[in-house]
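If you want the numbering used here, it's the position in the sequence shown, counting the first as 1, plus 2.
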Amino acid sequence: MTDRDLLREQWQTVAHALKIEFVGPFMFPLKNGHYEFACLLPQFGSERGMLIDVEYVRDAFAEAISAGFACSSMLAEEHHLPIDPADYINCLVDWGWSAKEPPPEWYHNAT
3 MTDRDLLREQ WQTVAHALKI EFVGPFMFPL KNGHYEFACL LPQFGSERGM
53 LIDVEYVRDA FAEAISAGFA CSSMLAEEHH LPIDPADYIN CLVDWGWSAK
103 EPPPEWYHNA T
């Protein structure tokens with residue numbers, strides 16, 4: 003399993019537990035091909051969502067941001083397993099709820 007696969011799996015676990023939308027993998031079209039982000043959280047970061055990947059790739063991130071996405075790079079969790087979705091709430095709150103529908107109750111409780 004690659005680091006990207008592990009990160010995707012971890013965010014899928016968090017999304018399922020917190021009842022938020024998750025798309026993974028997310029293929030983003032570039033001017034010269036495409037880039038595979040680990041995942042997209044459509045309800046966070048910007049109107050088009052938060053793209054997450056294991057590394058910062060300047061061209062892919064720049065094109066995604068120009069297209070209206072927010073982007074974040076992070077490593078997959080290796081030390082605090084199994085994943086506790088509650089550990090990700092502060093990160094999600096920092097990114098901000100960007101969906102038109104109201105956020106879940108846990109989001110209100112964390113802000």
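The C-beta atom is built at its ideal place from N, Cα and C for all residues, glycine as well.
Please read these numbers as outputs of a predicted model, since none were measured by experiment.
Output the boundary residues of the alpha helix (DSSP H) element that contains Phe63.
60-68
Own chain partners of Tyr37 with C-beta closer than 7 angstroms, once the 5 adjacent residues on each side are dropped:
Phe30, Val59, Ala62
Considering only their Cβ atoms, is the gap separating Val56 from Leu42 smaller than 8 angstroms?
no
Taking contact to mean at least 3 C-beta pairs separated by less than 8 angstroms, is the region 81-99 in contact with the region 63-70?
no
Which runs of the beta strand (DSSP E), 3 residues or longer, sit entirely within the region 75-112?
none
Provide the residue span of the alpha helix (DSSP H) that contains Glu11, from first to last.
5-20
Would Val16 pass as a contact of Pro87 if the rule is Cβ separation under 8 angstroms?
yes
Pick from Pro104, Gln12, Gly98 that is closest to Ser48, judged by C-alpha positions
Gly98
Considering only the alpha carbon of each residue, which of Ile91, Asn111, Ala40, Ile22 lies closest to Asp7?
Ala40
Identity of the residues DSSP links to Pro31 by a beta bridge:
His36
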